[in-house]
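Each remark here refers to the structure printed beneath this line.
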Amino acid sequence: MHEGSIIIQVAADVKEIERLNKLVRQFGELHDVPSRTLYAVNLALDELVTNVILYGFKEAAGQTVSVQISTADSELVAAVVDDGQEFNPLEAPAPDLNAPLEDRKLGGLGIHLVRSLMDHVSYERTGSQNVLTIRKRIR
Amino acid sequence: MEIQEEKQGDILIVKIDDHLDTSTAPVFEQRLTALIDRGERKLVIDCGSVQYVNSAGLKVFLLAAKKLEPLGGRLVVCSLTQSVLMIFEMIGFTRIMKIAPTLEEALRVFGPAPAA
Chain A
1 MHEGSIIIQV
11 AADVKEIERL
21 NKLVRQFGEL
31 HDVPSRTLYA
41 VNLALDELVT
51 NVILYGFKEA
61 AGQTVSVQIS
71 TADSELVAAV
81 VDDGQEFNPL
91 EAPAPDLNAP
101 LEDRKLGGLG
111 IHLVRSLMDH
121 VSYERTGSQN
131 VLTIRKRIR
Chain B
1001 MEIQEEKQGD
1011 ILIVKIDDHL
1021 DTSTAPVFEQ
1031 RLTALIDRGE
1041 RKLVIDCGSV
1051 QYVNSAGLKV
1061 FLLAAKKLEP
1071 LGGRLVVCSL
1081 TQSVLMIFEM
1091 IGFTRIMKIA
1101 PTLEEALRVF
1111 GPAPAA
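If you read the protein sequences in the order shown, they are chains A and B. When the letters of the first sequence are read in order and numbered with this note's numbering, they come out as residues 1 to 139. When the letters of the second sequence are read in order and numbered with this note's numbering, they come out as residues 1001 to 1116.
Here you go:
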């Protein structure tokens, strides 16, 4: 994997996710990010950015979400930054994966995927911004 | 998204393609709900062409399985690609849904085909 970074501005519209995923894939291929890692990062970013677009703003129109990705030797770090209401998705309760079908809840699947796919996930409120950072090591 | 349906006896095979995400999941959900509402109880979802699924798409499988169970129906998911199977395992769906490696094996879950 090669060292590099990219900042992608995404309009707060779920239709933008496809463009985001395309750009992340291009960046990943250019920087020799292993395809499994790229798949995981793309899915995690999809979940996080979709969450912000759907629930982060009182009025999503005209808002943007910033995705910052950087690669070093053995780690990819990505941050999702938005100016929406203060919200830490990591506080959501984890789904009970052992529950029988009738008791399985529909919520919390996305953030569970993010946690499972990444090596480290953290949230920070910086000034008026939500900053969600994910890290994936390359083995 | 393209959704194809094929009936084999009393089993309905639903084949979906490519991307099951926030934009396409509502279409898939509406279709599955309509099929269950019209009385389909044995459903096979053929995911052989699905390359990508996010939580919005996963939710549709869970919803359909939950809807079918009290009706005495069953949802079988088959032919998952490697990366999508990994996601199903990660989210615990392999414990609550029948996952078959091929369409043939999915059909066999419902027992032998009735004699013609």
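Built from N, CA and C at the ideal position, the CB exists for glycine as well. Just so it is clear, the structure is predicted and the values come from calculations on it, not from any experiment.
| Within chain A, the residues that B/M1001 reaches when beta carbons sit closer than 8 Å | Chain A residues near B/M1001: none, gap ~13 Å exceeds 8 Å.
| said: Is the separation between the beta-carbon of B/V1076 and that of B/A1034 shorter than 8 Å? | reply: At the C-beta level, B/V1076 and B/A1034 stay beyond 8 Å of one another.
| Using 8 Å as the limit for Cβ to Cβ distance, is A/H120 near chain B? | No - not a single Cβ of chain B is within 8 Å of the one on A/H120.
| message | Report the CB separation of B/L1085 from B/R1041 in whole angstroms; it is logged as a contact under 8 Å. | response | About 25 Å; that fails the 8 Å criterion.
| Anyone know if the C-beta pair for A/T71 and A/V33 falls short of 8 Å? | Against a cut-off of 8 Å, the Cβ pair of A/V33 and A/T71 comes out as a contact.
| Using a C-beta cutoff of 8 Å, does A/I17 count as contacting chain C? | Here chain C cannot be found, since the structure's protein chains are A and B.
| query | Are the C-beta of B/A1034 and some C-beta of chain A separated by less than 8 Å? | reply | Judged by the 8 Å Cβ criterion, B/A1034 is not in contact with chain A.
| task | Could you have a look at B/R1074 and say whether DSSP puts it in helix, strand or coil? | result | Here B/R1074 sits in strand by DSSP.
| query | Less than 8 Å separating the beta-carbons of A/L76 and A/K136? | reply | A contact, by the Cβ cut-off of 8 Å.
| query | For B/L1020 versus A/L106, is the C-beta spacing smaller than 8 Å? | reply | No, these two residues do not count as a Cβ contact at 8 Å.
| said: Here's a check: name, in chain order, each residue in its chain whose Cβ is nearer than 8 Å to the Cβ of B/I1087, leaving out the five neighbours to either side. | reply: These residues qualify, in order along the chain: V1053 and L1058.
| request: Pull up the distance between the alpha-carbon of A/L38 and that of A/V24, whole angstroms please. | output: Using only the alpha carbons, I get a separation of about 8 Å.
| request: From the DSSP output, in three-state form, read off A/G110 for me. | output: Helix, per DSSP.
| request: In angstroms with no decimal places, state the Cα-to-Cα distance between A/Y55 and A/S66. | output: Taking C-alpha positions only, A/Y55 is separated from A/S66 by approximately 16 Å.
| message | Strictly below 8 Å CB to CB, what residues from chain B border A/E102? | response | In chain order: K1066, E1069 and P1070.
| Residues of chain A with CB under 7 Å from B/T1102, in chain order? | The contacting residues do not exist; B/T1102 stays about 23 Å from chain A at best.
| Can you check whether the CB of A/L113 is closer than 8 Å to the CB of B/S1055? | At a Cβ-Cβ threshold of 8 Å, B/S1055 and A/L113 count as neighbours.
| said: What does the alpha-carbon distance come out to for the pair A/S74 and B/Q1004? | reply: The alpha-carbon atoms of A/S74 and B/Q1004 are separated by roughly 43 Å.
| query | Between A/D82 and chain B, is there a C-beta pair that is closer than 8 Å? | reply | With 8 Å as the cut-off, A/D82 does not count as an interface residue toward chain B.
| said: Within 10 Å of its beta-carbon, does B/D1037 have 16 or more other beta-carbons around it, so buried, or fewer, so exposed? | reply: Flag for B/D1037 reads exposed.
| said: Please list, in chain order, the chain A residues whose beta carbon lies closer than 7 Å to that of B/K1059. | reply: Residues of chain A passing the Cβ test: L106 and L109.
| task | Starting from A/T37, follow the alpha helix (DSSP H) in both directions and report where the run begins and ends. | result | Looking at the DSSP string, the run of the alpha helix (DSSP H) that includes A/T37 is S35 to N51.
| Taking Cβ positions only, does B/D1010 come closer than 8 Å to chain A? | Chain A, which has no Cβ nearer than 8 Å to the Cβ of B/D1010, makes this no.
| Beta-bridge pairing of A/T64 - partner residues as DSSP gives them | The partner list for A/T64 (beta bridge, DSSP) reads A/A11.
| said: Checking the sheet assignment: what are the DSSP bridge partners for A/G4? | reply: In the DSSP output, where bridge partners are listed per residue, A/G4 has A/T71.
| said: Could you tell me which whole beta strand (DSSP E) segments of length 3 or greater appear in the segment 1003 to 1057 of chain B? | reply: Given a length threshold of 3 residues, each whole run of the beta strand (DSSP E) inside the segment 1003 to 1057 of chain B is given here in chain order: 1003 to 1008, 1011 to 1020 and 1042 to 1053.
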